[in-house]
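**Student:** Take this structure, written in structure tokens, and hold onto it; I'll ask about it next.
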Amino acid sequence: MEKSLIIGAAGQIGTELVSQLRSRRGKNNIIAVDLRIDNLSSPCFELDAMNETALRDLVLKEGISEIYHLVAMLSVTGEKAPQKAWDLNMKTLFSVLDLAKEGLIKRIFWPSSIAVFGPSTPKIQTPQYCSMDPTTAYGISKLAGELWCQYYFKNYGVDVRSLRYPGLISWKTMPGGGTTDYAIDIFHSASRREEFISFLEPDTRLPMMYMDDAVRATIEIMEAESDAIRIRSSYNLAAVDFTPSELGIAIKKIKPEFEMSYSPDSRQAIAKSWPSSIDDTQAKLDWGWKSRYNFLSIVKLMTDKI
Ligand code: SER
2 MEKSLIIGAA GQIGTELVSQ LRSRRGKNNI IAVDLRIDNL SSPCFELDAM
52 NETALRDLVL KEGISEIYHL VAMLSVTGEK APQKAWDLNM KTLFSVLDLA
102 KEGLIKRIFW PSSIAVFGPS TPKIQTPQYC SMDPTTAYGI SKLAGELWCQ
152 YYFKNYGVDV RSLRYPGLIS WKTMPGGGTT DYAIDIFHSA SRREEFISFL
202 EPDTRLPMMY MDDAVRATIE IMEAESDAIR IRSSYNLAAV DFTPSELGIA
252 IKKIKPEFEM SYSPDSRQAI AKSWPSSIDD TQAKLDWGWK SRYNFLSIVK
302 LMTDKI
């Protein structure tokens with residue numbers, strides 16, 4: 002069995018991806034690394050992904066053949082330190098791409114995002130190929146990263162696979178500094194019986210996905226035959242789309258005491274620059290993608306679990 006390395010394993014996606022991969026492929030074949038490993042179970046190591054030498058040593062020592070690179074500064078955190086976001090997001094990507102270029106690893110997963118789109122992008126059912134003018138440091142780094150992935154595939158044969166995740170909704174781990182985080186925070190407020198103050202306007206529609214769908218998409222694209230992966234920048238990926246107001250109404254149906262109000266801040270401008278819904282036809286055609294969780298099932302699961 003091949004060994005996989007998950008970088009950024011303690012984050013929102015990593016936590017759930019590690020446990021799914023371990024139950025599929027065996028615990029010892031999935032190595033989890035992050036800056037802090039208090040919440041990870043072994044095999045796991047403390048690793049700063051910016052330390053290229055430490056990363057390379059670990060890959061060689063553990064005989065890693067596949068890397069899931071989940072390290073990133075997201076849209077909101079990235080705006081507080083744009084240069085740092087660019088450095089982190091790009092340097093760590095190049096380290097991993099170069100390991101594959103040298104033949105040390107066989108396959109890479111690298112997440113992209115709806116943040117690659119911008120104000121000139123068609124908003125509804127955003128197509129795979131269209132105008133892209135990201136406004137955030139995060140979005141710029143993801144768009145550049147997508148193009149570098151494609152470059153490494155075309156010029157060096159690097160088997161890199163990528164998805165443009167929508168906002169990801171999960172209850173096991175809190176998200177870290179994104180614009181779509183409101184759609185998780187709202188469930189925590191509802192469970193504490195606190196009023197939720199939305200930092201987005203009521204009718205801001207964004208594409209979203211339940212974490213189980215996102216993890217399954219990740220595993221499916223990585224387990225697909227290489228020939229099936231015809232897009233080597235990043236695939237559009239979709240499940241549901243909704244607004245803060247629609248989400249509030251759905252929660253109130255389950256918890257009638259729930260109240261929310263609106264106080265939009267700088268995150269509104271980021272959300273406004275992103276698509277409302279995504280066309281993921283190409284992922285469906287190429288490697289058989291299909292989402293399973295709809296809006297109501299997500300709201301039900303989130304209210305039950307939190
Ligand atoms: N969830 C991310 C963010 O809001 C988008 O990929 O930054």
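In short: position in the sequence shown from 1, add 1, done, that's our numbering.
Glycine residues also receive a C-beta, built at the ideal position from the N, C-alpha and C atoms.
Everything numeric in this text was worked out from a predicted model, so none of it was measured.
Using only CA atoms, which one of W87, I307 and P208 lies nearest to I252?
**Tutor:** Residue numbering aside, residue 252 sits at position 251 when the sequence shown is read from its first letter. With distances taken between Cα atoms, I252 lies closest to I307.
**Student:** Using three-state DSSP, classify Y130 as helix, strand or coil.
**Tutor:** Numbered from 1 along the sequence shown, position 129 holds the residue referred to as residue 130. Of the three classes helix, strand and coil, the one that applies to Y130 here is coil, per DSSP.
**Student:** Considering only the beta carbon of each residue, do I115 and H70 sit closer than 7 Å?
**Tutor:** For the purposes of this step, residue 115 is taken as residue 114 along the sequence shown, with counting starting at 1. For the purposes of this step, residue 70 is taken as residue 69 along the sequence shown, with counting starting at 1. No, the Cβ-Cβ distance between I115 and H70 is not below 7 Å.
**Student:** With DSSP collapsed to three states, give me the class of Y153.
**Tutor:** Counting from 1 along the sequence shown, the entry for residue 153 is found at position 152. Reduced to three states, the DSSP call for Y153 is helix.
**Student:** Could you pull the start and end residues of the beta strand (DSSP E) that S262 belongs to?
**Tutor:** Working through the sequence shown from its first residue, we reach residue 262 at position 261. Run containing S262: M261 to Y263, per the beta strand (DSSP E) assignment.
**Student:** The alpha helix (DSSP H) spanning S24 covers which residue range?
**Tutor:** As a working note, residue 24 is residue 23 in the sequence shown. Its alpha helix (DSSP H) spans residues Q13 to R26.
**Student:** Considering only their Cβ atoms, is the gap separating K143 from S113 smaller than 7 Å?
**Tutor:** In the sequence shown, the residue the question calls residue 113 occupies position 112. In the sequence shown, the residue the question calls residue 143 occupies position 142. Yes, these two residues count as a Cβ contact at 7 Å.
**Student:** Can you list, in chain order, the residues of its chain whose CB lies under 6 Å from that of I220, leaving out five sequence neighbours each side?
**Tutor:** For the purposes of this step, residue 220 is taken as residue 219 along the sequence shown, with counting starting at 1. Result list for I220: empty, nothing under 6 Å.
**Student:** Going by Cα to Cα distance, which pick from F197, R233, P123 and G178 is closest to S277?
**Tutor:** Stepping through the sequence shown from its first residue, residue 277 is reached at position 276. Of the candidates F197, R233, P123 and G178, the one whose C-alpha sits nearest the C-alpha of S277 is P123.
**Student:** Which residue's Cα is closest to the Cα of L36: D280, N29 and F46?
**Tutor:** Taking the first residue of the sequence shown as 1, we reach residue 36 at position 35. The candidate whose alpha carbon is nearest that of L36 is F46.
**Student:** For a test of the three-state rule: what should DSSP assign to P208, helix, strand or coil?
**Tutor:** The residue you call residue 208 lines up with position 207 of the sequence shown. It is a strand residue.
**Student:** Helix, strand or coil for L6, going by three-state DSSP, please let me know.
**Tutor:** Indexing the sequence shown from 1 puts residue 6 at position 5. Looking at L6 - three-state DSSP - the assignment turns out to be strand.
**Student:** Within the present structure, is the beta-carbon of L144 separated from the nearest heavy atom of ligand 1 by less than 6 Å?
**Tutor:** Counting from 1 along the sequence shown, the entry for residue 144 is found at position 143. No, the beta carbon of L144 sits no closer than 6 Å to any heavy atom of ligand 1.
**Student:** Where M74 and R165 are concerned, what is the direct C-alpha to C-alpha distance, given to the nearest angstrom?
**Tutor:** Translated into positions along the sequence shown, residue 74 becomes position 73. Translated into positions along the sequence shown, residue 165 becomes position 164. Approximately 15 Å between the Cα atoms of the pair.
**Student:** Buried or exposed, going by whether 16 or more other CB atoms sit within 10 Å of the CB of C150?
**Tutor:** By 1-based counting over the sequence shown, the position of residue 150 is 149. Burial call: buried.
**Student:** Return the chain-ordered list of same chain residues with a C-beta closer than 6 Å to the C-beta of N90, the five sequence neighbours on each side being excluded.
**Tutor:** Counting from one through the sequence shown, the residue named residue 90 turns up at place 89. Excluding sequence neighbours, N90 sits near A73 and S142.
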